[in-house]
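**Student:** Okay, handing you the structure first.
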DNA sequence: AATTAAATTTAGACAAATCTAAAAATAGAT
DNA sequence: ATCTATTTTTAGATTTGTCTAAATTTAATT
């Protein structure tokens, strides 16, 4: 292997495992120069803290994270950029699966976890174009742009909306399969307009109007649905 | 890990490396119970014969190949089925890249090498459906069906066609990037009708008619183009 | 400030996939 | 039938990513 390739390998080629660590650290908030503990990362990734320590050293060597022994890790600028590019791929693939291949929103995550590691810049850009440059994935999470910008959402949890206000359902906080299946079964989908009719003091459940018909939902549901206020 | 998962791991979950070996053995003819030498496999995969020996033992343990020391390997029925499912995925993804994302036929192979390892039966079937169940990939190679059937092509090399016969260009024998780029540059594409006007005894070059206009091509080109005889 | 509990790291081991160098088996030529 | 030359395998080492168990550091409590 030539010197040049050694350079490339060390600084540009990411293994699947390294990519997964970066993604997890980002999701735990390590992009805001906040230190994330090895324990937190281990728990999230269902691995052991000692394995995380090993990887922390490796990513630190590569300049992707700042790592201080016993203090945890945070992403460097390059680390953030790399994490965002993986998240971008993940979310674009999710949109593709739902929009082009009729996957339901609880089926997409597992497959996208694999597809996000495919290495081809042209492929991602073309998928983006095919989907007409979507801004949000099927769970309502924003898709980072090619240059790593994140468009923030001006949204609220349904549980925080005042009585008589209304908005469009734009995302979920909990994207676990059981929750998504529950939403499907109750015909709650992204894009639906929801109006808060009443709140029950006793259990914080809500009476809402959606697509003309009234229904009652628990606080637990309302606290996991993001709504974009109409006005 | 439960007993059941151990079973699943040993007998169903294939690593990327295992899949690549099976695919290579199939392409070298190991599907016809012909023994393929470790040297041939090593050369094709750009690895060392000793590595192939290790993998041969492992695949043999799993019942995917028959391996006799010093004699080489051939695929078992299960091995053939597995190889075909990988080849099916590879070729479907190639069609997808060309038809839906405007990749050129010399760009698709490298990306398809990655995509072929994505594990989701639903994904493959849906891609197949989206493409309207194509029978051939962009290089003219047949796509195995879901149940592992291979439709054979009734085709000839252009170099073997008699004078004054004509046919439709359906595939390439050599699918290297330089050859594919050459074809692109000379406007030779799958689907074109080609008529053999004359053969030159001296160098075996051909005078052909394609899309109304005449041209001369070398024997080397003609010996790498598959044509389906019209009548 | 000392002690204890919790978190984190180190040291050493393991499995997968590869390699090199040496040993063994096969095939071809005389 | 024997002797080479080639092919193939073995044995042992390496890298990556993981683990367990022990040691170390930090944080919390009194």
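Protein chains in written order, with the numbering used here: chain Z, 3 to 233; chain R, 3 to 233. Even for Gly, the Cβ is constructed at its ideal location relative to N, Cα and C. These numbers come from a predicted model, not from an experiment.
Just the chain Z side, please: which residues come within less than 7 Å of residue 116(R) by C-beta, in chain order?
**Tutor:** The answer, in chain order, is 120, 121.
**Student:** Is the Cβ-Cβ distance between residue 132(R) and residue 99(Z) less than 9 Å?
**Tutor:** No; because the gap between Cβ atoms is not below 9 Å, this pair is not in contact.
**Student:** For residue 31(Z), name the three-state secondary structure that DSSP assigns.
**Tutor:** Of the three classes helix, strand and coil, the one that applies to residue 31(Z) here is coil, per DSSP.
**Student:** Beta carbons nearer than 9 Å to chain R: which residues of the segment 162-175 of chain Z have them?
**Tutor:** Per Cβ criterion, the list is empty.
**Student:** On the DSSP letters alone, give me the boundaries of the alpha helix (DSSP H) that residue 88(Z) sits inside.
**Tutor:** Run containing residue 88(Z): 79-103, per the alpha helix (DSSP H) assignment.
**Student:** Using the DSSP secondary-structure output, state which residues sit across from residue 216(Z) in a beta bridge.
**Tutor:** Looking at the DSSP assignment, residue 216(Z) forms a beta bridge with 211(Z).
**Student:** Under a Cβ-count criterion, where at least 16 other Cβ atoms within 10 Å of its own Cβ denotes burial, should residue 15(R) be classed as buried or exposed?
**Tutor:** Counting Cβ neighbours within 10 Å, residue 15(R) comes out exposed, since fewer than 16 surround it.
**Student:** Determine the closest residue to residue 158(R) out of 175(R), 166(R), 97(R), with distance taken between C-alpha atoms.
**Tutor:** Comparing Cα positions, the closest option is 175(R).
**Student:** Would you mind listing the alpha helix (DSSP H) stretches within the segment 154-186 of chain Z that are 4+ residues and don't spill past its ends, in chain order?
**Tutor:** You should have found no qualifying run.
**Student:** Are the segment 176-184 of chain Z and the segment 85-97 of chain Z touching, with three or more C-beta to C-beta distances below 8 Å?
**Tutor:** The segment 176-184 of chain Z vs the segment 85-97 of chain Z: no contact.
**Student:** Could you check which residue in 169(Z), 148(Z), 121(Z), 190(Z) has the C-alpha nearest to that of residue 140(Z)?
**Tutor:** Out of 169(Z), 148(Z), 121(Z), 190(Z), 190(Z) has the C-alpha closest to the C-alpha of residue 140(Z).
**Student:** Do we get a CB-CB distance below 9 Å when we pair residue 102(R) with the residues of chain Z?
**Tutor:** At least one chain Z Cβ lies under 9 Å of residue 102(R).
**Student:** Are the C-beta of residue 128(Z) and some C-beta of chain R separated by less than 9 Å?
**Tutor:** For residue 128(Z), the answer is yes, since a Cβ of chain R falls inside 9 Å of its Cβ.
**Student:** Suppose the cutoff is 7 Å on Cβ atoms and the five residues either side in sequence are ignored; what does the same chain contact list for residue 42(R) look like?
**Tutor:** So the qualifying residues of the chain are 30.
**Student:** So which residues on chain R does residue 113(Z) lean against when the C-beta distance must stay under 9 Å?
**Tutor:** Residues of chain R passing the Cβ test: 120, 121, 122, 124, 125.
**Student:** Is DSSP giving residue 203(R) helix, strand or coil here?
**Tutor:** Looking at residue 203(R) - three-state DSSP - the assignment turns out to be coil, as it is neither helix nor strand.
**Student:** Excluding sequence positions up to five away, which residues of its chain have a Cβ less than 7 Å from the Cβ of residue 217(Z)?
**Tutor:** Cβ neighbours of residue 217(Z) beyond the five flanking positions: 210.
**Student:** Cα-Cα, which of 196(Z), 23(Z), 188(Z) is closest to residue 167(Z)?
**Tutor:** Nearest C-alpha to residue 167(Z): 196(Z).
**Student:** When DSSP labels each residue in this structure, what does residue 69(R) get in the three-state scheme?
**Tutor:** Three-state result, residue 69(R): strand.
**Student:** So, does the CB of residue 105(Z) fall closer than 9 Å to a CB anywhere in chain R?
**Tutor:** Closer than 9 Å to some Cβ of chain R, the Cβ of residue 105(Z) qualifies, so yes.
**Student:** Taking the DSSP output, what are the residues bridged to residue 76(Z)?
**Tutor:** According to DSSP, which records beta bridges pairwise, residue 76(Z) is partnered with 68(Z).
**Student:** Helix or strand or just coil, what does DSSP make of residue 144(Z)?
**Tutor:** Reduced to three states, the DSSP call for residue 144(Z) is strand.
**Student:** Could you say which of 201(R), 56(R), 173(R) lies nearest to residue 228(R) if we only look at CA atoms?
**Tutor:** Nearest C-alpha to residue 228(R): 173(R).
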